[in-house]
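Written out as structure tokens, the structure is:
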């Protein structure tokens, strides 16, 4: 870097953004082919995913080297903070679309279907509902009696345990943060490791719950509006938790290698913010999807 | 500032310069050229539409292809033309206007741009797939959009990629404006173009993810058996309209707020007076942005909403006229008793304000629920939104190009040709779209390839206007290329009345500007 550019770090030209876009193009094209039964879709997707994974290792690797090399001053750090916080805001708005769909279906669409006698006379709307032509709801979390029934997911089994797990992980990641603030490497690594363990347990329990739903409860993505909102919301949340877990693991690896100092650790904080975001979204899920 | 000239022009040559660049001016140029190409692609589709509508009956294309043209024309113009063009202006101008060395996150800036060409490729590819491209209108309402071939899936993935580009771009613009201003450049000293972009970036961050959610639900309804928009499963097709327009109405302001910023830069320059009511402009912009989130259902009056909903959305929509009126008043007051001259950018700004106001007033007519029952889905709506988006956004973009081209290229454009382009564009624009008001009020529906005989004359006038409008843009291309290649050397200040940091650097602006932040008094 030429010093004449001033103190703000301006990176040299980089090939990684274009590589990412090429990877995304093949991922998208392959996905379209796959869902439309066009041959070769899965291979295009694989090529896209491999390109993106390779890019992430190289691009993020470069950012990590720059960060550890002291290229980022306080002003660059503030740029990261602004952009990460507004990225999380956009993620919240993404979930808001699905929460909106859930509220709309429960508060408006369902009662309207109930009140009109033109479409499905005699249809009574009670949440959970799979709609006038979907299966009827049985007792939550117990296998349904007949084939034309489904069981919604109850709140006080695994979901309640998962709530406790995610809230605890919010606590453990904060303990890790206090560790780095005191330059206490042992505290940072230990609590970060505990956070990842909790995250993996959470994802495992969610996977178990999905298998349970599909094999025993008759609850699938196709189970009317209940199944659609349930799996869309919990599915995208689970995806975000998985991504967050990968991010935490990278941060753990960097912490073990001795990265970060008490005054310079936005890599850690960005991931912690993201983790609190998936935590808060889960609370919304627990209340509105499982409980009420 | 002059220190940054000449000896820091280092950058890789050839194609890699453009593929790998982290320079805001290079990326701005890429955005602007991409948008220009997309304007011609989308414009060609508009020519197909107007050729088919030149006379009643079916003569040029199949109805299904006509529907693909209206759909893809809109998607290309909105997501490929206007939005990237304004991001291109933001890239070029915001760092220079606030005294920053570059955008806050230069590599991400490159990625925001390079997401666009693959996305546009997907959209254009869809037209060649079995079943053709998306044909459900740009609003892709189910149940029509849950049927049909894989063209719709192409459109959905295109929207995802373009949306992701917009989100990244917005994060970058916000970080740049909030964190990269030169010392002394307080928020309330920022040029209005910067202010409007700051607010637009927030709109994008709040609206685009909701569109992503809407099209994701559409995708799972199409391929994974969900029932979001299917009443048999307890869903509701109207729900899509709500989610879509929660994005769609702010999107209208995403397209037009940066145009307001451009008007607010150009008009004071050529009226040689400071902008009238600067702070009221800022607050009016913020108010419009806020209101844009609580008016969405005015696009759906005829869908069968409860009366309370119809009334709420009618009144909230009409409220937008207040801050918009503040802006129009301020622009006029800025010109009042100014030492006005009428170079091409000023002509575009004045015409933009005047014609946009016509679009705003027809919007007020559409906002009135009982009246909208008559106008809904007619050509009146087509006329309205072209008066808003073409006369507001596109005329502002053209004005901005003439305004800043001397700064970007170091050459003055040909003033005579610029004025000729202006008169051709604005006259043919009005010839194209003004008759569509009458067609709509007389009951001609939109998105229809054929029409009743009594609509023939106005349609023919409209088509002739459209062909002239389309051809005139070749002149614009010629002027831009001519200005890049040569022309009278531009001064640093360029315009006699120009105020602001970007006019203190040489023309053309050096590759790196403000490596050392200037002091703003």
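Residue numbers (this note's numbering), protein chains in the order written: chain A, 1 to 292; chain B, 293 to 813.
Heads up, the beta-carbon is just placed ideally off N, CA and C, and yes, glycines get one too.
None of the values given here were measured: they were computed from a predicted structure.
{"Asked": "Short Cβ contact (8 Å threshold) for residue 89(A) with residue 497(B)", "Found": "yes"}
{"Asked": "Near-chain E residues of the region 56-79 of chain A (beta-carbon distance less than 7 Å), N- to C-terminal order", "Found": "No chain E appears in this structure, whose protein chains are A and B."}
{"Asked": "Residue 656(B) at chain A interface by Cβ criterion, 8 Å", "Found": "no"}
{"Asked": "Cβ of residue 233(A) within 8 Å of any chain B Cβ", "Found": "no"}
{"Asked": "Limits of the unbroken alpha helix (DSSP H) element including residue 722(B)", "Found": "707-733"}
{"Asked": "Partners in chain A for residue 466(B), counting only beta-carbon separations shorter than 8 Å", "Found": "82, 83 and 86"}
{"Asked": "Short CB-CB distance (under 8 Å) between residue 124(A) and chain B", "Found": "no"}
{"Asked": "Residue-level contact to chain B via CB, residue 36(A), 8 Å cutoff", "Found": "yes"}
{"Asked": "Own chain partners of residue 673(B) with C-beta closer than 8 Å, once the 5 adjacent residues on each side are dropped", "Found": "658, 667, 732 and 738"}
{"Asked": "Under 7 Å (Cβ pairs) to chain B, residues found in the region 112-137 of chain A", "Found": "113, 119, 129, 130, 131, 132, 133 and 134"}
{"Asked": "Reduced DSSP category for residue 140(A) - H, G, I as helix; E, B as strand; rest coil", "Found": "coil"}
{"Asked": "Residue(s) in a DSSP beta bridge with residue 492(B)", "Found": "None; residue 492(B) has no bridge partner."}
{"Asked": "The ligand COA heavy atom lying under 7 Å from the CB of residue 279(A)", "Found": "Among the components modelled here there is no ligand, and therefore nothing to report on the ligand COA."}
{"Asked": "Cβ-Cβ distance between residue 393(B) and residue 804(B) below 8 Å", "Found": "yes"}
{"Asked": "Contact check, residue 576(B) vs residue 539(B), beta carbons under 8 Å", "Found": "no"}
{"Asked": "C-beta neighbour in chain A for residue 398(B), strict 8 Å", "Found": "yes"}
{"Asked": "Within-8 Å CB hit, residue 12(A) to chain B", "Found": "yes"}
{"Asked": "Inter-residue spacing [alpha-carbon to alpha-carbon] between residue 554(B) and residue 117(A)", "Found": "54 Å"}
{"Asked": "For residue 516(B), the three-state DSSP class (helix, strand or coil)", "Found": "coil"}
{"Asked": "DSSP-derived helix/strand/coil call for residue 521(B)", "Found": "coil"}
{"Asked": "Residue-level contact to chain B via CB, residue 159(A), 8 Å cutoff", "Found": "no"}
{"Asked": "Sequence-distant residues of its chain with Cβ nearer than 8 Å to residue 278(A) (five each side left out)", "Found": "166, 237, 240, 241 and 244"}
{"Asked": "Given 8 Å, three or more beta-carbon pairs between the region 106-116 of chain A and the region 196-215 of chain A", "Found": "no"}
{"Asked": "Interface residues of the region 492-508 of chain B facing chain A [CB-CB below 9 Å]", "Found": "493, 494, 496, 497, 498, 499, 500, 501, 502, 503, 504, 505, 506 and 508"}
{"Asked": "8 Å Cβ shell around residue 753(B) - same chain, five flanking residues per side excluded", "Found": "723 and 727"}
{"Asked": "Simplified DSSP state of residue 590(B), which is helix, strand or coil", "Found": "helix"}
{"Asked": "Supposed contact pair residue 801(B) and residue 704(B) - C-beta distance, whole angstroms, cut 8 Å", "Found": "Rounded, the Cβ-Cβ distance is 15 Å, inconsistent with contact."}
{"Asked": "Cβ neighbour criterion (16 or more within 10 Å) applied to residue 156(A)", "Found": "exposed"}
{"Asked": "Where residue 320(B) meets chain A, residues with beta-carbon distance less than 7 Å", "Found": "The premise fails here: residue 320(B) is roughly 15 Å from chain A at the closest Cβ pair, so nothing lies under 7 Å."}
{"Asked": "Residue 331(B) burial status per 10 Å Cβ neighbour count (16 or more: buried)", "Found": "buried"}
{"Asked": "Sub-8 Å separation of residue 138(A) and residue 151(A) beta-carbons", "Found": "yes"}
{"Asked": "Supposed contact pair residue 411(B) and residue 454(B) - C-beta distance, whole angstroms, cut 8 Å", "Found": "5 Å"}
{"Asked": "Chain B within 8 Å of residue 29(A), Cβ atoms only", "Found": "yes"}
{"Asked": "Beta carbon proximity, residue 24(A) to chain B, threshold 8 Å", "Found": "yes"}
{"Asked": "Nearest residue (CA-CA) to residue 574(B), options 615(B), 314(B) and 633(B)", "Found": "615(B)"}
{"Asked": "Chain A within 8 Å of residue 459(B), Cβ atoms only", "Found": "yes"}
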